[in-house]
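Visitor: A single structure is presented below for examination.
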Amino acid sequence: MKNTLQDPLLRRIRLHASKRLTFDLDTAPGERLKQLKEYMRLEQEMLHRYHEKGDGGLRVAMARTLMIDVLIEYLYKNALAIFEYKKGPVPYPVAMLALGGYGRAELCPLSDIDIMFLYPKRARPETLKPLQEVMTDEILYPLWDLNLKVGHSSRTVKETITEAKADVQTLNALLEARLICGDAELYREFEKTYRKYYQRTDHRAYAKDRLADQAERREKYGGSVFLQEPDIKNGVGGLRDYQNILWMAEVRLGNGSLDALMEKKFLSQAERDHLHEAYDFLLRVRNEVHFNSKRPNDTLSLEAQPGIAWALGYKQHDIFRRVEAFMQDYYRHANYIYQTSKLLEQRLAFSSLDSNRGYTFQAVIDSRRMDRQKELDGFLITPGTLSAEDQNVFKRDKTRIIRVFRYLQQYDLQPDLDLRVLISQSLHLIDAKLMHNESANRTFRSILQTRGNVYPILLLMHETGVLGRFLPEFGEITCLVQHEFYHRYTADIHTLSTIRKLDEVFREEGNYGQKYHKALVKTETPALLYLILLVHDLGKSDGVQGHCISGVRVAEPILKRLGLDEKRRKIILTIVENHLEMARFWQRLDIDDPRTIASFAKLVGEEDILRYLFVHTYCDASGTASSLWNSYKDSLHENLFRATLEYIHHEPDAMAKRRKERKSMIYREIIERRLPDIEKDQIDAHFNLLPERYFIHNDADDIILHVRMVNELLETISEADSIGSLVPVVDWRNDEDQGLTVVNIVTWDRAGLFYKLAGALTVAGVNILSTKAISRNDHITIDTFYVVAPDGGMVQDPKAEEKFRSHLERALLHNVDLMPAIKDQAAKLSSSFGSEKNNRLRAPIPSKVDVYHELSLKRTIVEVQANDHLGLLYQLAYAIFKHGYDISFARISTERGAALDTFYIEPTRPLTISNADTLVPLRDDIERIISRDEFEAAG
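When the letters of the sequence shown are read in order and numbered with the working numbering, they come out as residues 7 to 945.
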């Protein structure tokens, strides 16, 4: 590294090495390793202190690079001395090169150290081998003993060219090769030879490969800067975006530096400084992550963000405000790297202008005129591209800054690089007058009415800054971190992701697109949902809690500004206010209960609202995180939609008639099957002893299964000592269509049955998604549990069913407490439930307990939200049992470590005091369970 002596920190590292690394040929290997470890420990502590006092990311990374350089220099000199002592003169000159990030002198605390042993072209393998063995023993082994992650290679100058031709990653790594120590003449020979090679490569082909690699990597790491848990190195706008610019500049211009890009007019001085500042910030964040990790990690996890923010100087005591301030700075810098790198990638890939002339706006306009095909409202259309006639196109008519995006959408064009820059530089023209301009708003509405092709244009408007200026309310949620456990993206990108999902619906793509398209196109104005999605989360600018209500207040003036009539405004605001309700109903309530359907139908009111809400809920959930939607949730969602649609179309009396007709139809079908092992009177009894609601969502096959299970239970009565000693009948089967396992249990009803069933399933090592229970009038109960494996999907463990049966029998027949077995199971799976103790600044999931009477459903309901852990469901169900209640229905859900559980409860015996009085101690007990669990988890 050049000019290292000018920095006192770097001078200090060399001085420390000269005092602490004093080994020679007579030093025992153990003593040498001791010196190396002490040197590393002390220097690492010194670097950490400099980092903590606020040194920039680049300076600390350069200091660590020098620390490793010095270490390798000492080991290299020692290796040469040992070779000469044992084997005589060194047969060939050797140069030790740093590659990749190490070559750039940007080593973060846990970065890989890539080195290359370089030998001359004439080196013969048989002569070289003894030297290579000594180099390995005396350099690589000590580095590995220091627990450094070292990547290494041994090549002659000729072999470097061969390897670069075979692998573009090697080509890029060698572009950053730097001499650590060894023969300088050999290194100059390599540098000259390699430079000649890559300057003769096909620059266009190389650029094409780089653009493809960039696109693939960005998509792999989330496709957006604004992930809530971004990858600092490989994510969009991360360190790799910046580094790619320099690789392309090296090949294209022969100089991979920001200064070279500035000299060639690819960057202005201000842009160069801004890019350098952003990169330094990201490196400083990465240093902080590495200093506090035991293994390489470049992800800014939600759990780690509060601690990282505090360490980097964000001292807000409110944990959410602290993270928000830190992450907004992160997004600002990362987005600048991303936007600038995209422009530079295109310019470096496709610019063919004279390098002496530079890259100027007017030069590009002149070149465009040579192949101009069409003029359009101050713009030029060439194949696939739109450009501006001159730099004043927006100043002459400010409405063009909105209209340009409509042209891009209509003609399926991309803005050329300079038009993108010009748009971003013209944001000041978007003022209040333009926001209320009728023509601009009509154009914006047109953009939102182009079914299947809205997301790309809104994303471009967002990336150039236009969307947040034209809709300042949207600007308020830009880079807004959402402090809850569902969301993967910031609020702005989540909104755009929901619109991307709606594009897919209109194009009938994916597993669910056709179904939701069919539902949506039956509304009066299907494309209205684009605007609904665009404004649905704007209330989050005032906080996530209550954002549906505040969203109405924020959205109303936007809709008036955009010129929507009162009818459509009412539809949009109704959806915004209730956009979480449909998911809440099927996540929390018993949608098999006609009273639930009636309550939801009253909420939505009319068919169009229901259809919009149906598709909105799907897009909203799918745009939150790709893993959030699955076939199980989709089936619940669709069942609620279809049942509500039927309720809206038919009067309650007609609905009751249809339910009776369905029950009769199923009865006739089962009788006609002539089940050989089941008497008709048993089928009649089953139909007479169960409420009508049982027959709504159970088909003939389900009912036949239950009849057979009841029959098996009754046949064992003569063999049992008492009804209480009856062994439950269990049917355990996988449902491939839904991707889960269905467990049916038929047994004699008794108090506390649910918590014992839940406990036995927990010991069996499965996760409960949902359950439904129904009792016949003869006290035989049918319980159905929908369960999945710990990592999702059908339960494949052959021992799971056996464990469930044995523990259920112990709990029911012998009254064995299952909590010890649950704790043993939790210990086995501790890694799956986050055994990390370094959570002192973690923002926990806010716990919540509601116990209330739902008058419209005539139900007493318990709702719990808490950090999940193995055994929580068992504890909650047992608490409900202890307070004199049975669970008649439960909806169990776990999302990203959060338990979201709903229970319908009924008293097990006549209460001597009012229900309300018994619910208060139940709520207090559940709150104690949750708070105790959180305390233990934090401890």
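Think of the CB as a built atom: it goes at the ideal place given N, C-alpha and C, for glycine as much as any other residue.
1. If the criterion is Cβ atoms closer than 7 angstroms, does the pair isoleucine 828 and threonine 777 meet it?
2. Going along the chain, which residues of its own chain have a beta-carbon closer than 6 angstroms to the beta-carbon of glutamine 50, five neighbours each way excluded?
3. Could you check what DSSP says for tyrosine 45 in three-state terms: helix, strand or coil?
4. With a 10 Å radius around its C-beta and 16 neighbouring C-beta atoms as the bar for buried, classify alanine 5 as buried or exposed.
5. Output yes or no for whether 7 angstroms exceeds the beta carbon distance between valine 460 and tyrosine 536.
6. Could you tell me the distance, in whole angstroms, from the CA atom of leucine 217 to the CA atom of glutamate 256?
7. Can we say the segment 230–243 touches the segment 496–504, given the rule of at least three CB pairs closer than 8 angstroms?
8. Starting from proline 563, trace the alpha helix (DSSP H) in both directions and tell me its first and last residue.
9. From phenylalanine 839 to proline 796, what does the alpha carbon distance come to, in whole angstroms?
10. Can you tell me whether lysine 854 is helix, strand or coil according to DSSP?
11. Quick one: Cα of asparagine 178 to Cα of leucine 192, how far?
12. Any idea what DSSP makes of serine 899, helix, strand or coil?
13. Cα-Cα, which of Met68, Gly107 and Gly516 is closest to glutamine 12?
14. Considering only C-alpha positions, which residue in the set Asp118, Lys239, Thr531 and Gly106 is nearest to glutamine 175?
15. Using a 10 Å radius around the Cβ and a threshold of 16 neighbouring Cβ atoms, would you call glutamine 551 buried or exposed?
16. Please classify alanine 662 as buried or exposed, where buried requires at least 16 other C-beta atoms within 10 Å of its C-beta.
17. Could you tell me whether the segment 514–534 touches the segment 553–563, using the rule of 3 or more Cβ pairs below 8 angstroms?
18. Is it buried or exposed, proline 734, if we count other Cβ atoms within 10 angstroms and call 16 or more buried?
19. Give the range of the alpha helix (DSSP H) segment to which methionine 102 is assigned.
20. By the 10 Å Cβ neighbour count, where 16 or more other Cβ atoms means buried, how is proline 115 classified, buried or exposed?
21. For a test of the three-state rule: what should DSSP assign to lysine 198, helix, strand or coil?
22. Could you check what DSSP says for alanine 179 in three-state terms: helix, strand or coil?
23. Check whether the segment 424–435 and the segment 534–548 touch, using three or more Cβ-Cβ pairs below 8 angstroms as the test.
24. Would you report the Cα separation of proline 563 and asparagine 341, rounded to the nearest angstrom?
25. Using C-beta distances below 8 angstroms, list every residue in its chain close to methionine 715, excluding the 5 sequence neighbours before and after it, in chain order.
26. What is the DSSP secondary structure of phenylalanine 620, counted as helix, strand or coil?
27. Could you check what DSSP says for tyrosine 80 in three-state terms: helix, strand or coil?
28. With DSSP run on the structure shown, which of helix, strand or coil describes alanine 770?
29. What residues in its chain sit with their C-beta under 7 angstroms from that of glycine 798, if we drop five residues either side in the sequence?
30. Taking only three categories from DSSP, how would you classify aspartate 789?
31. Which class does lysine 380 belong to by DSSP, given the choice of helix, strand or coil?
32. Buried or exposed, going by whether 16 or more other CB atoms sit within 10 Å of the CB of glycine 474?
33. Please report the straight-line C-alpha distance between alanine 706 and tyrosine 673, rounded to a whole angstrom.
34. Among His875, Ala872, Ile886 and Leu318, whose alpha-carbon lies nearest the alpha-carbon of threonine 866?
35. Sorted by chain position, which residues of the same chain lie with C-beta nearer than 6 angstroms to glycine 458's C-beta, five sequence neighbours on each side aside?
36. Assign alanine 172 to buried or exposed, taking buried as 16 or more other Cβ atoms, counted over all protein chains shown, within 10 Å of its Cβ.
Guide: Concretely, from the data shown:
1. Their beta carbons are not under 7 angstroms apart, which means isoleucine 828 does not touch threonine 777 by this criterion.
2. Here the set comprises nothing.
3. If DSSP states are grouped into helix, strand and coil, tyrosine 45 belongs with the helices.
4. Any property of residue 5 remains undetermined from this structure, which presents the chain solely from 7 to 945.
5. In this structure, valine 460 lies near tyrosine 536, with their beta-carbon atoms less than 7 angstroms apart.
6. Taking the CA atoms as reference points, leucine 217 sits about 15 angstroms from glutamate 256.
7. Yes, since at least three Cβ pairs between the segment 230–243 and the segment 496–504 fall closer than 8 angstroms, the two stretches touch.
8. Run containing proline 563: 553–567, per the alpha helix (DSSP H) assignment.
9. Confidence at phenylalanine 839 is low in this model, with a pLDDT of 37, below 50, so the placement of that residue should be treated as unreliable; the coordinate-derived value is given next. Distance between the alpha carbons of phenylalanine 839 and proline 796 is about 10 angstroms.
10. Annotated three-state conformation of lysine 854 is strand, per DSSP.
11. Between the alpha carbons of asparagine 178 and leucine 192 lies a distance of about 20 angstroms.
12. For serine 899, the three-state secondary structure derived from DSSP is strand.
13. Comparing Cα-Cα distances from glutamine 12 to each of Met68, Gly107 and Gly516, the minimum goes to Met68.
14. Of the listed residues, the one whose Cα sits closest to glutamine 175 is Gly106.
15. Under this definition glutamine 551 is an exposed residue.
16. Classification of alanine 662: exposed, given that the 10 Å Cβ count is below 16.
17. In short, these stretches do not touch, since the Cβ pair count stays below three.
18. With 16 or more Cβ atoms within 10 Å of its Cβ, proline 734 is classed as buried.
19. Segment 101–105 is the beta strand (DSSP E) holding methionine 102; no alpha helix (DSSP H) there.
20. Around the CB of proline 115, 16 or more other CB atoms lie within 10 Å, so the residue is classed as buried.
21. Lysine 198 falls in the helix class under three-state DSSP.
22. In the structure shown, alanine 179 falls within a helical segment according to DSSP collapsed to helix, strand and coil.
23. In this structure the segment 424–435 does not lie against the segment 534–548, because fewer than three pairs of beta carbons, one per stretch, are closer than 8 angstroms.
24. Rounded to the nearest angstrom, the two C-alpha atoms are 30 angstroms apart.
25. These residues qualify, in order along the chain: Val735, Asp737, Asn750, Val752 and Ile788.
26. The three-state secondary structure of phenylalanine 620, taken from DSSP, is helix.
27. Looking at tyrosine 80 - three-state DSSP - the assignment turns out to be helix.
28. In this structure, alanine 770 counts as coil in the three-state DSSP scheme.
29. Once the five neighbours on either side are set aside, glycine 798 has no close Cβ partner at all.
30. DSSP places aspartate 789 in strand when its eight states are reduced to three.
31. DSSP places lysine 380 in strand when its eight states are reduced to three.
32. Only buried fits glycine 474, as 16 or more other CB atoms lie within 10 angstroms of its CB.
33. Roughly 8 angstroms separates the two Cα atoms.
34. Residue Ile886 is the option with its Cα nearest to threonine 866.
35. The beta carbon of glycine 458 sits closer than 6 angstroms to the beta carbons of Asp509, Phe512 and Arg513 from its chain, once the five residues preceding and following it are set aside; these are given in chain order.
36. So alanine 172 ends up on the exposed side.
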